[in-house]
Amino acid sequence: LAAEYSSAATYGTDTAPESRFNFAAKYRVADGLDVIAFNRGGDTTGLTLSFFANPHSPPSPPDYGNVAPLIEPRSEKGRDSIEWASDETEVTSLLAGTIEALNDQSIELIHFAATGRKLRVGVTALDPSSVTRLTGRTVRVLSRVSPASVTTFEITTYLGGLPTKTFIVPREQVVALADQPLRGLQSLELISLNDAMPDADDWNWSLPTKGGFSWNLTPAISIPFDTTGGLDPVLGIYATGRYDWSATTYFSGTLSYLIAGNKTISAPPAEPTPRSDSGSYDRDSISLDRLYGAFSRKVSKTSYAGLTFGLLERGYRGISAETLWMPDGKSWAIGAELTYAQKRDYEDPFGSLDFEAVTGFLSVYWDTSYKGLSAQVDVGQYLAGDLGATLALSRSFPNGWAVSAFTTITEDNRREALK
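Under the working numbering, the first residue of the sequence shown carries the number -12, and numbering increases by one thereafter.
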């Protein structure tokens, strides 16, 4: 509870308040949310919701599943017995045990194949940020469920429905390092790393394709500014729905609503312009920002390709194709993107204006491995037909926060600056 006597005769207006006393009450609903009720000057009453968080501290502990199981040494008994691999009942029992043990570690089994000497699995994790943790816990699980005759684990990791890397693990040598203080580094020297190819048909079992609808509701704060120093912070809420047709094909749409900020709609220009007419789109009602389909595919050991079509963003619809090259063991990747875009109507979300453009970019992506910091450089042709480059920096925090900033210079920017 708070009470205050103010010596100010007015509060920024020509009219004196009814009282010099101000009162407030604050209640902390939960960690990160305060509710404040106040009365100012006897004639102004309000309610404030205050949200706050520390980007370094998740609001709740991350879910890493159960405690990692201990590595189990390979049994001396049954090392030469491989008959189980041709027994359907034995293989089915091994599959069921593997699925259950991996699920306990928040790991999902996607593919499975077994021979007398090798166990092959395809896995994905609820936390895709840690490939090391994913493979390490998978090795621990396989060491406990595999028959003694198995000498090699082959683990293929998946992200977004696409295979990324395959780790070939010599079982006995890696298990022998379980109690060594430097087992992590020593294990890396024993494990072979290969680029995973698109799925073949030689799996004994594959997880049925998970289709269906999902959705999420996300708040976002944007603080656009320009070289004149003007700031126009806005708070919006975004509702996104997604229907997964397959592991690599989906359809998605996003509705947005401006909760706080400048909702003034500017008059449309005489002719559509690439970006400066964004204020002409309705900001005072629910907007259909995106409605598109996307398809992705791994086309070689180190290359990925994707196709996106539909309402790509608030101002444009079209079709975009992208390819990405990720060399093995590198922290960087190179991408190329080509897009045909058509200007969307200011009022009709499915209408179009007499403006179209082709853009193309060559991009370099770099994961610095320093505190979640990553960088991206795009060089190419923009919507207005001018050439230029964009530098973007972003940082991801353990609690799911992400902060990013970018700057762009083009031929038109440079000419204007030289004037």
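No residue lacks a Cβ here, since even glycine has one placed at the ideal position from N, Cα and C. Note that the coordinates shown come from a computational prediction; the quantities given were computed from them, not determined experimentally.
{"Item": "Just to confirm, does Thr397 get its C-beta within under 7 Å of one of the non-hydrogen atoms of the ligand PLP?", "Value": "By its list of ligands, the structure shown contains no ligand whatsoever, and the ligand PLP lies outside what it can speak to."}
{"Item": "Taking the alpha-carbon positions, what's the Val463 to Asp354 distance?", "Value": "Beyond the ends of the chain as shown, which are -12 and 406, falls residue 463; an answer cannot be given."}
{"Item": "If you compare alpha carbons, which of Ala17, Gln363 and Pro150 is closest to Val286?", "Value": "Pro150"}
{"Item": "From which residue to which residue does the alpha helix (DSSP H) around Arg127 run?", "Value": "Val118 to Val132"}
{"Item": "Does Ile97 pass the burial test, meaning 16 or more other C-beta atoms within 10 Å, or should it be called exposed?", "Value": "buried"}
{"Item": "To the nearest angstrom, report how far apart Val137 and Arg104 are at their CA atoms.", "Value": "4 Å"}
{"Item": "Return the CA-CA distance between Gly297 and Tyr303, expressed in angstroms with no decimal places.", "Value": "9 Å"}
{"Item": "Kindly indicate which three-state DSSP category Val345 falls into: helix, strand or coil?", "Value": "strand"}
{"Item": "Which of the three DSSP states is assigned to Arg304 in this structure?", "Value": "strand"}
{"Item": "Three or more beta-carbon pairs under 8 Å between the region 302 to 320 and the region 344 to 364, yes or no?", "Value": "yes"}
{"Item": "Residues bridged to Ser265 by DSSP?", "Value": "Partner(s): none; Ser265 has no beta bridge."}
{"Item": "Give me the Cα-Cα distance between Leu89 and Gly359, rounded to the nearest whole angstrom.", "Value": "27 Å"}
{"Item": "With respect to the beta strand (DSSP E) encompassing Ala207, which residues constitute its N-terminal and C-terminal limits?", "Value": "Gly199 to Ser209"}
{"Item": "Inspect the beta-carbon positions of Ser130 and Ile69 and report whether they are closer than 8 Å.", "Value": "no"}
{"Item": "DSSP three-state label for Arg331, please.", "Value": "strand"}
{"Item": "Between Ala404 and Ala308, what straight-line distance do the alpha-carbon atoms span, to the nearest angstrom?", "Value": "Since pLDDT at Ala404 reaches only 46, below the 50 mark, its modelled position is unreliable, and no value is offered."}
{"Item": "Under DSSP, the beta strand (DSSP E) around Gln160 begins and ends at which residues?", "Value": "Taken as a continuous stretch (DSSP letters only), Gln160 belongs to no beta strand (DSSP E), being part of the alpha helix (DSSP H) at Arg158 to Val162."}
{"Item": "Thinking just about the alpha-carbon of each residue, which of Ala376, Ala(-10), Ser233 and Arg382 is nearest to the one in Ile396?", "Value": "Ala376"}
{"Item": "With DSSP collapsed to three states, give me the class of Ser408.", "Value": "In the structure as shown, the chain starts at -12 and stops at 406, and residue 408 therefore has no counterpart that could be examined."}
{"Item": "On the three-state DSSP scale, how would you describe Ala72?", "Value": "helix"}
{"Item": "So what does DSSP say about Leu177, is it helix, strand or coil?", "Value": "helix"}
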